[in-house]
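A short worksheet on the structure shown next.
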Amino acid sequence: MRLLATCWAMICLFACSEKNVESENKLTGYVNTFVGTDGPGNTYPGAVAPFGMVQLSPDNGLPGWDRIAGYFWPDSTIAGFSHTHLSGTGAGDLYDLLFMPMNSRFTESLTPEGDYRPYSKFSHDREEASPGYYKVDLLSSGIVAELTATKRVGFHRYTFPEDEKSKIILDLGFRMNWDSPYATQITIENDSTISGYRKSSGWAKDQHVYFAAKFSKAFKSADLFEADTRSEESEVNGAKTKIVARFPTTEKEQILVKVALSSASVEGAKKNLKAELPAWDFDAAVKSADREWEKVLSQIEITGSEVQKEIFYTNLYHLYLTPSLLSDVDGMHKGADGKNHKAEGFDRYDTFSLWDTYRTAHPLYTILCPDKVEDFIKSFLAHYDETGLLPVWSLAGNETNMMIGYHAVPVIVDAYFKGIEMDAEKAYTACKESAMEKGRQIDEYMKLGYVPADAEGENWSVSKTLEYAYDDWCIAQFAKALNKKDDYQYFLKRGENWKNLYDPKSTFFRPKDEHGNFIPDFAAKDYTNYYCESNAWQYFWYVPQDIPEFIATVGKDKFTAKLDSMFTYYPATTDDLPIFSTGMIGQYAHGNEPSHHVAYLFNHIGQPEKTQEMVRRIITSQYTNKPDGYCGNEDCGQMSAWLVMSSLGIYPTNPANGIYDLTSPSVSKGVIHLPNGKIFTISAENQGEQNHYIQAVYLNGEEYKELTITHQQLMKGGELKFVLGAKK
Numbered sequence: 001m002r003l004l005a006t007c008w009a010m011i012c013l014f015a016c017s018e019k020n021v022e023s024e025n026k027l028t029g030y031v032n033t034f035v036g037t038d039g040p041g042n043t044y045p046g047a048v049a050p051f052g053m054v055q056l057s058p059d060n061g062l063p064g065w066d067r068i069a070g071y072f073w074p075d076s077t078i079a080g081f082s083h084t085h086l087s088g089t090g091a092g093d094l095y096d097l098l099f100m101p102m103n104s105r106f107t108e109s110l111t112p113e114g115d116y117r118p119y120s121k122f123s124h125d126r127e128e129a130s131p132g133y134y135k136v137d138l139l140s141s142g143i144v145a146e147l148t149a150t151k152r153v154g155f156h157r158y159t160f161p162e163d164e165k166s167k168i169i170l171d172l173g174f175r176m177n178w179d180s181p182y183a184t185q186i187t188i189e190n191d192s193t194i195s196g197y198r199k200s201s202g203w204a205k206d207q208h209v210y211f212a213a214k215f216s217k218a219f220k221s222a223d224l225f226e227a228d229t230r231s232e233e234s235e236v237n238g239a240k241t242k243i244v245a246r247f248p249t250t251e252k253e254q255i256l257v258k259v260a261l262s263s264a265s266v267e268g269a270k271k272n273l274k275a276e277l278p279a280w281d282f283d284a285a286v287k288s289a290d291r292e293w294e295k296v297l298s299q300i301e302i303t304g305s306e307v308q309k310e311i312f313y314t315n316l317y318h319l320y321l322t323p324s325l326l327s328d329v330d331g332m333h334k335g336a337d338g339k340n341h342k343a344e345g346f347d348r349y350d351t352f353s354l355w356d357t358y359r360t361a362h363p364l365y366t367i368l369c370p371d372k373v374e375d376f377i378k379s380f381l382a383h384y385d386e387t388g389l390l391p392v393w394s395l396a397g398n399e400t401n402m403m404i405g406y407h408a409v410p411v412i413v414d415a416y417f418k419g420i421e422m423d424a425e426k427a428y429t430a431c432k433e434s435a436m437e438k439g440r441q442i443d444e445y446m447k448l449g450y451v452p453a454d455a456e457g458e459n460w461s462v463s464k465t466l467e468y469a470y471d472d473w474c475i476a477q478f479a480k481a482l483n484k485k486d487d488y489q490y491f492l493k494r495g496e497n498w499k500n501l502y503d504p505k506s507t508f509f510r511p512k513d514e515h516g517n518f519i520p521d522f523a524a525k526d527y528t529n530y531y532c533e534s535n536a537w538q539y540f541w542y543v544p545q546d547i548p549e550f551i552a553t554v555g556k557d558k559f560t561a562k563l564d565s566m567f568t569y570y571p572a573t574t575d576d577l578p579i580f581s582t583g584m585i586g587q588y589a590h591g592n593e594p595s596h597h598v599a600y601l602f603n604h605i606g607q608p609e610k611t612q613e614m615v616r617r618i619i620t621s622q623y624t625n626k627p628d629g630y631c632g633n634e635d636c637g638q639m640s641a642w643l644v645m646s647s648l649g650i651y652p653t654n655p656a657n658g659i660y661d662l663t664s665p666s667v668s669k670g671v672i673h674l675p676n677g678k679i680f681t682i683s684a685e686n687q688g689e690q691n692h693y694i695q696a697v698y699l700n701g702e703e704y705k706e707l708t709i710t711h712q713q714l715m716k717g718g719e720l721k722f723v724l725g726a727k728k
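In case it helps, the UniProt record's numbering puts the sequence shown at residues 1 to 728.
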């Protein structure tokens, strides 16, 4: 049975022939944009183009962890439709430019922060969505709201009942969670055009969103407000501004609104509007968005059950929501230094959740869209030009410095060795300087060979040491390729710093003080401030740069026993698990990224059948096609990339060496249409619920004995055939 979103799309095909979204036999019909809107997924269901600047989606209007993306499946209220949202993160930011259609029927308000916040009730029975399209009946008013988007423009269509008091509100003072506007402006340019900006501070400290909006119908009147004070002027400025545009409407009258964004200027927003959405044909815009999504989803065609297709294509869809476009059609954008810059010859992107996405999402982008990877790296280097460092977690033209590591490094190094065009010398310099900065305890790490423990705050000393060491190994490989011999030796040595926190007595990585003493009272399953969103069990496995040496250091027998225990040693019922410790299989936490490669380590100790067992178990137990279909934050494509690659039987255990571990695919067939025009096919003979053990592998018809395949082999095209069975 198809998902709710797909069912609605099929109903609309027959009941709303003018929309003509042919979901049958189209991959967009398998996508359920509501997956992740319940539980810890923190996704949004609204309209967005692949890697788009605009994420036009409903906001329930209430703050809280469950509503980080603006929308929470169990809620029954909608306070409006804002144009920027984060996909699958734990950061409550954005929600820019909230539009809401209203009429005389509105009587209720949400007032979580003392502000008047009108809302409508809604029901999932009267709601539908597909890639690039969202529709809902606002039950409190009888208004039907529809949304679609180009890359830089949000497009609204509101169908009103007859009402003399119909109106559309734009509330720039609307705020939720961490975000708060500090300067906003609305200018009435004529009776159907407004423009302005919203500048706010939140997780990203200085966000600039300029806009230009056009209405398909001239408003009868329009009132501007600064806070609660009505202005007689045609322009209003303040921390909280609002416009109420009034349109008496007849039965089923439609009013459309086009809203273009820019991080640089109102003029930039106007250019974006003219370039991307000059016409008023909403249905054509929906079809165009659908075609864009069909194009990217069609890069991988799988054969499997209907449920498998729904899960696979929903996850592939989420992979393409971020990074987000930052630059205008003319290249202008706000940089991380607060100044406007022009991207020459590339599109500038932002929303880089690198602690998450470098592990799987970025290696997958090198397969599916290397042209975008080229722009991502140019965006990294633009950020470096502006700040002197590569991005850590950049958003809306800001550096948030969230999480740990300097993980733009493995993304760059992986791309370099895969032949993606870049200014290699500049990229290397940026990598090196980012690894030599004095902040984020990197200075202490360089001095001691590890980050010392600190009892205060989120010290994360063990995790920082392990992740810095991995990034250092990546720089060493880059230095070697560029014939920088001294740097190669220096960073190769730093890449071994994981050894400095290994405790052979406990066989765990443990925190040390500045004098080299292990911190006492150690319990591996405890969640302490020494491990980033994890415990010692979950971070134990983080030496992807040298797995053979890691195994030898621990001892193969101990390593093997510990790896088995990882998946069988469950938390006690009395253990207090943090919010990020989800998707638990023993101590393995699939809901958080440090665990994502662990199941593939069985391949490295001669027990590939256990990788095949465990990866299949994770796929079937941690992903569904329902609103709570993610066991943890979706995290800007990382959780989805794991599912996509693992379903095909390939995974980048070391995300920067261009080698993919093999396991049994969970789909019967996957055809990857590579950007170079070649096709790589992965097939699984005897696919079945019990038949998940590899009996034989053939590459291009020849028996293949390896447990890995290289990126170069894959990009040449060909066929990787797995013969599966129930026997280990």
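We put the CB at the ideal spot given by N, CA and C, even for glycine.
Between V286 and D206, the alpha-carbon positions lie close to 32 Å from each other.
Boundaries of the beta strand (DSSP E) harbouring H673: 669-673, taken from the DSSP string.
In terms of Cα proximity to A69, the closest of P652, E685, R175 is R175. Residue pairing of K167 in beta bridges, as defined by DSSP: M102, R246.
With a contact defined as Cβ atoms closer than 8 Å, G52 and E634 miss out at about 17 Å.
One Cα belongs to L86, the other to N42, and the distance between them is close to 8 Å. It is roughly 10 Å from the alpha-carbon of I302 to the alpha-carbon of V644.
Distance between L319 and A599, taken at the CA atoms: about 21 Å.
Looking at the DSSP output, V153 sits in a beta bridge with A260.
For the options K271, I420, H341, the alpha carbon positioned closest to that of D375 is the one of I420.
Under the 10 Å beta carbon count, P665 is surrounded by 16 or more other beta carbons and is classified as buried.
Pairing F540 with M100, the inter-Cα distance amounts to about 49 Å.
According to the DSSP assignment, L563 belongs to the alpha helix (DSSP H) that extends over 556-566. Taking 8 Å as the cut-off, the beta carbon of P248 is found closer than this to the beta carbon of K220. In the DSSP assignment, W393 falls within the unbroken beta strand (DSSP E) covering 393-395. The criterion of a C-beta distance shorter than 8 Å is not satisfied by C532 and S353. Exclusion of the five residues before and after N103 leaves S141, D163, K165, S166 as the residues of its chain whose Cβ lies within less than 6 Å of its Cβ. Counting every other CB atom within 10 Å of its CB across the protein chains shown gives H515 a total below 16, marking it as exposed.
Uninterrupted beta strand (DSSP E) stretches at least 3 residues long and entirely within the segment 315-384 occur at 332-334, 340-342, given in chain order. The beta carbon of N340 sits closer than 8 Å to those of A264, S265, M332, H333, K334, all from its chain and outside the five residues before and after it, given in chain order. In this structure, L674 lies near M715, with their beta-carbon atoms less than 8 Å apart. Counting along the chain, the unbroken beta strand (DSSP E) around V723 starts and ends at 718-725. Non-local beta-carbon contacts of M566 in its own chain, meaning distances under 7 Å to residues more than five positions away in sequence, involve W537, G586, Q587, Y588, V598 in chain order. Ranking H604, P58, L170 by CA distance to the CA of S120 puts P58 first. Taking the Cα positions, H590 is about 32 Å away from A336. Under DSSP, Y158 takes part in a beta bridge, and its partners are A145, I255. DSSP lists S180 as the beta-bridge partner residues of S201.
I709 is a Cβ neighbour of L720, given a cutoff of 8 Å. Under DSSP, D503 forms a beta bridge with F508. Of the other Cβ atoms in all chains shown, 16 or more fall within 10 Å of the Cβ of T465; this residue is therefore buried. Collapsing the DSSP output to three states places I618 in a helix. Proximity of the segment 479-489 to the segment 499-513 falls short of the contact definition, fewer than three beta-carbon pairs being nearer than 8 Å. Secondary structure note for P410: it is in no beta strand (DSSP E), and the uninterrupted alpha helix (DSSP H) holding it is 408-417. Taking 8 Å as the cut-off, the beta carbon of A453 is found no closer than this to the beta carbon of R494. About 12 Å separates the Cβ atoms of L381 and V409, ruling out a contact at the 8 Å cut-off. When DSSP states are grouped into helix, strand and coil, G196 belongs to the strand group.
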